[in-house]
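Residue numbers (this note's numbering), protein chains in the order written: chain A, 323 to 438; chain B, 177 to 294. Working notes, structure below.
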């Protein structure tokens, strides 16, 4: 069966410090990978998605970046955090069929980031 | 672009009563629709999906959803609500984005908070 791991679960960081959130998927190969941010416990904002190693699409220009160094590893980073980067970050994966994602997502448990 | 709308920020229902969480969609072509549930401080969990076929789709935890093409709706339903059903519910539609054939990315609604009272 497939599993997705996301860490750390909770993070408190000062403004201007770097960030690294990591996500790994097991039990599948060549998944599509996604990073979402959820602010104020409600709407989901798609930040990045990746269809393969080294292939990153950015949805919103911002202070964050993403990398996919291995097939099942997806990393969200920042060089200098802003207060507005606080939120609940969710990693997700989806199966591929016919060369495209099925559209059905499987989410990690999330990482809550507080920037002070 | 494809989109979904969840017109209610919050739905309140008494335990044991039927519940409905509303979703309407706007798509070009055939819609691929999904429902997800999110419990506090957790990731989203997939509940059910509609691709084609029967208009009534059954999913996890006793939930079902009814696809209505004429009303462009995909409402989530459960015959008898439980207190443990209290959570945030998201409707989503599959959208095609990007170049070179593109990739299917779900577009989510804003979410509806379901509160089931004992």
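For glycine and all other residues, C-beta sits at the position ideal for the given N, C-alpha and C.
Cβ pair residue 411/A, residue 359/A closer than 8 Å | Taking the first residue of the first chain as 1, we reach residue 411/A at position 89. Taking the first residue of the first chain as 1, we reach residue 359/A at position 37. Closer than 8 Å, so yes.
CB residue 264/B to CB residue 289/B, shorter than 8 Å?
-> Against the second chain, residue 264/B aligns to sequence position 88. Against the second chain, residue 289/B aligns to sequence position 113. In this structure, residue 289/B lies closer than 8 Å to residue 264/B by Cβ.
Could you check which residue in 291/B, 292/B, 286/B and 267/B has the C-alpha nearest to that of residue 427/A?
-> Taking the first residue of the first chain as 1, we reach residue 427/A at position 105. Considering only alpha carbons, the answer is 267/B.
By DSSP, does residue 259/B sit in helix, in strand, or in coil?
-> Counting from one through the second chain, the residue named residue 259/B turns up at place 83. The answer is helix: DSSP assigns residue 259/B an H, G or I state.
Which whole-angstrom value is the C-beta distance of residue 425/A and residue 270/B, which I expect to be below 8 Å?
-> Along the first chain, read from residue 1 onward, the residue named residue 425/A stands at position 103. Along the second chain, read from residue 1 onward, the residue named residue 270/B stands at position 94. The C-beta distance from residue 425/A to residue 270/B rounds to 3 Å, short enough to fall under 8 Å.
Consider the Cβ of residue 287/B: report whether some Cβ of chain A lies at a distance smaller than 8 Å.
-> Position 111 of the second chain, counted from the start, is the residue given in the question as residue 287/B. The Cβ of residue 287/B sits closer than 8 Å to at least one Cβ of chain A.
Can you check whether the CB of residue 333/A is closer than 8 Å to the CB of residue 433/A?
-> In the first chain, residue 433/A corresponds to position 111, counting from 1. In the first chain, residue 333/A corresponds to position 11, counting from 1. Yes; because the gap between Cβ atoms is below 8 Å, this pair is in contact.
Neighbour flag for residue 234/B against chain A, beta carbons, 8 Å | On the second chain, position 58 is the one that residue 234/B refers to. Answer no: the Cβ-Cβ gap between residue 234/B and chain A never drops below 8 Å.
Would you say the stretch 243–262 of chain B touches the stretch 201–210 of chain B, given that touching needs at least three Cβ pairs under 8 Å?
-> The stretch 243–262 of chain B, when compared against the stretch 201–210 of chain B, does touch it at the 8 Å Cβ threshold.
Would you list the one or two residues that DSSP bridges to residue 393/A?
-> As a position in the first chain, residue 393/A is number 71, starting the count at 1. Its beta-bridge partners do not exist; DSSP assigns none.
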